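A short write-up of the structure that comes next.
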Amino acid sequence: MALTAPGRPSLRLSPRQRRLLELLCDGHQYKTAAAAMGVSVNTVGFHVRRMYVRLGVHSKSEAVGKAFREDLLRWHTT
């Protein structure tokens, strides 16, 4: 099930894309995100490209900024 921002179907992200975005927001590089997700760096690259298209961004910093500005993730404190 993909979670969406209300009224914004273009921001629909798959569960893996959401997890990757969370990891990027936490400061992970693609290599460490791949290890955390149990996938290859190439798989992360695939998800990154698809996520960028859905978010309408062109870089990791743009994706992270958009996630914070538009409250795309459910943030938790630990």
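In the numbering used here, each residue's number is its place in the sequence shown (first place is 1) plus 24.
Here a beta-carbon is modelled for each residue, glycine too, at the ideal position from N, C-alpha and C.
All of these numbers come straight from a predicted model, not from anything done at the bench.
query	result
Supposed contact pair Met61 and Leu37 - C-beta distance, whole angstroms, cut 8 Å	That belief does not hold up - the Cβ atoms of Leu37 and Met61 are roughly 14 Å apart, past 8 Å.
Straight-line gap, Ala91 to Leu45 (C-alpha atoms, nearest Å)	8 Å
N-terminal and C-terminal residue of the alpha helix (DSSP H) that Ser85 is part of	84–93
Nonlocal neighbours in the same chain, by C-beta distance under 8 Å from Ser64, ignoring five residues either side	Ala58
Nearest to Lys84 (by Cα), restricted to the options Arg43, Thr67, Arg40, Tyr54	Tyr54
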